[in-house]
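Asks: Next up is a structure, given as structure tokens.
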Amino acid sequence: MWINRKRRKLSGEILEFLLLACCIGAFAFCFFYFTADSIAEIYLMERGIQAEEELRAVFRLWLRSVCGFAAMGISLFLFLFLLGQRLSYLITLIDGVEELRGRGLDYALPVEGQDELTELAESINFLASSQKRVQEKEQELKKEREEWIRTLSHDIRTPLTSVIACTSFLQEKESFSQQEAREYIALVQAKAQQIKVLTDQLMGGVVGKNEPIENLRLFISQLAMEWEEILEDRFDCHVRTELCREDRAAADPYALRRIFDNLASNVEKYADAQSPVSLTVESRGEMTLLVQENRKRMQAAAGTESRGIGIKSIRQIAAAYGGEVEIKDTPDSFAIEISLNLKSDL
């Protein structure tokens, strides 16, 4: 964390070391000189030796020289020691930078003192933590991108499966009315258009845009009809949409179609064909609730390994519309309730 505190100049700190060493050296000189001079005077007095003044002057000059060299040595040693202690922190910073390189920004330099070296250590720590956050954000965005591509790929496969099933059914059926042909062709065209839109989103990395829906109940009923057409040959489907509001709404029609496709895909994979499947759509204010219920088959169809991508896709779409998904999964039955905030487009 970046801490703003009053800084001292490194040069001023070194000057303080020098002044401190000089003061201690001066004290040591005075202590050594006057102590040695007193000891010499006492020694001469005890032995009754009367030294001439010239001899005393030479002795004191020699004593001052010895004490001066001793004090200078002490001052130099103390100054170099203090300077070395501070400069050793610079070596610590250099070693810390090497640690940052080797440990992938998981290391923090020790922060000591209040000078430029301290500021350098804090700056390096700040840059390292910032770089780590950037890398984590990049990994998160990459993961979200991969998840988005995986979800879109799954949602592309769902309408493609419907197209293949419809064309196979038309190919195998010996005769059908024009009305049936128009309905199946319309379904294939809708699914093909949906595949195109999803493929454009996958290639271009764009998200669908909301469009005005003139009559929400009519549009939901069309999606429910497509859901029923996909399943009606194998399941007993019960659809209720009369409780859905009829006014205008703003939504991405392809996102809503993806919800219904994933619901149908979930039924095909896991529902018991001997029991009815129900789909109910109702409005509560601006919230629209989709509820699908079915019994679960005892054994899933071959090749239907569940990865939960369809449910995850539904959750993402619901979250984008300020809603949520609630699932009630028991050993015998499965129910999913999807809430969508489809605001009126007035």
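Sequential numbering of the sequence shown, starting at 11, is according to the numbering used here. Glycine residues also receive a C-beta, built at the ideal position from the N, C-alpha and C atoms.
Identify, in the order they occur along the chain, each residue of the same chain with its Cβ nearer than 7 Å to the Cβ of Q201, setting aside the five sequence neighbours on each side.
Replies: Counted from its first residue, the sequence shown places residue 201 at position 191. What sits at residue 201 in the sequence shown is Lys, not Gln. Cβ neighbours of K201 beyond the five flanking positions: P169, S172, V173.
Asks: Could you give the DSSP three-state label for V277: helix, strand or coil?
Replies: Here residue 277 corresponds to residue number 267 of the sequence shown, with the count starting at 1. It is helical.
Asks: Grouping DSSP H, G and I as helix and E and B as strand, with all else coil, what is E182?
Replies: Working through the sequence shown from its first residue, we reach residue 182 at position 172. It is helical.
Asks: Determine the burial state of E278: buried for a count of at least 16 other Cβ atoms within 10 Å of its Cβ, exposed for fewer.
Replies: As a first step, residue 278 is located in the sequence shown; it is residue number 268 there, counting from the start. Buried, because 16 or more other Cβ atoms sit within 10 Å of the Cβ of E278.
Asks: Alpha carbon to alpha carbon, what distance is there between G22 and M99?
Replies: Locating residue 99 in the sequence shown gives position 89, where the first residue counts as 1. Locating residue 22 in the sequence shown gives position 12, where the first residue counts as 1. The sequence given here places Tyr at residue 99; Met does not occur at that position. Distance between the alpha carbons of Y99 and G22: 17 Å.
Asks: If contacts are defined as beta-carbon pairs under 8 Å, then A259 and K353 qualify, I think. What distance do you get, rounded to the angstrom?
Replies: Here residue 259 is taken as the residue at index 249 of the sequence shown, counted from 1. Here residue 353 is taken as the residue at index 343 of the sequence shown, counted from 1. Their Cβ separation, rounded to whole angstroms, is 7 Å, which keeps A259 and K353 in contact under 8 Å.
Asks: Whose C-beta lies closer than 7 Å to the C-beta of I205 among residues of the same chain, with five residues either side of it excluded?
Replies: Position 195 of the sequence shown, counted from the first residue, corresponds to residue 205. If we look at I205 and ignore the five residues flanking it on each side, its Cβ neighbours are I166, P169, L170.
Asks: Starting from D339, trace the beta strand (DSSP E) both ways and give me its first and last residue.
Replies: Numbered from 1 along the sequence shown, position 329 holds the residue referred to as residue 339. Taken as a continuous stretch (DSSP letters only), the beta strand (DSSP E) holding D339 covers 335-339.
Asks: Let me check one thing: in DSSP terms, what residues is V144 bridge-paired to?
Replies: Numbered from 1 along the sequence shown, position 134 holds the residue referred to as residue 144. DSSP, once it has assigned bridges, lists no residue as partnering V144.
Asks: So what does DSSP say about K353, is it helix, strand or coil?
Replies: If you number the sequence shown from 1, residue 353 lands on position 343. Note: K353 maps to coil in three-state DSSP.
Asks: Would you mind reading off the limits of the beta strand (DSSP E) that contains V249?
Replies: Walking along the sequence shown from the start, residue 249 turns up at place 239. Unbroken beta strand (DSSP E) run through V249: 247-253.
Asks: Would you report the Cα separation of Y264 and E122, rounded to the nearest angstrom?
Replies: By one-based count along the sequence shown, residue 264 stands at place 254. By one-based count along the sequence shown, residue 122 stands at place 112. So the alpha carbons of these two residues sit roughly 60 Å apart.
Asks: Is it a yes or a no for the region 86-96 touching the region 27-46, going by three-plus beta-carbon pairs under 8 Å?
Replies: The region 86-96 vs the region 27-46: in contact.
Asks: Taking only three categories from DSSP, how would you classify E156?
Replies: The residue you call residue 156 lines up with position 146 of the sequence shown. Three-state DSSP puts E156 in a helix.
Asks: In the DSSP assignment, what are the bridge partners of N304?
Replies: Locating residue 304 in the sequence shown gives position 294, counting from the first residue. F344.
Asks: Measuring only the C-alpha atoms, how far is L151 from L253?
Replies: Residue mapping note: residue 151 aligns to position 141 of the sequence shown, counting from 1. Residue mapping note: residue 253 aligns to position 243 of the sequence shown, counting from 1. The straight-line gap from Cα to Cα measures roughly 40 Å.
Asks: Tell me the rounded alpha-carbon separation between L137 and L92.
Replies: If you number the sequence shown from 1, residue 137 lands on position 127. If you number the sequence shown from 1, residue 92 lands on position 82. Between L137 and L92, the C-alpha separation is close to 30 Å.
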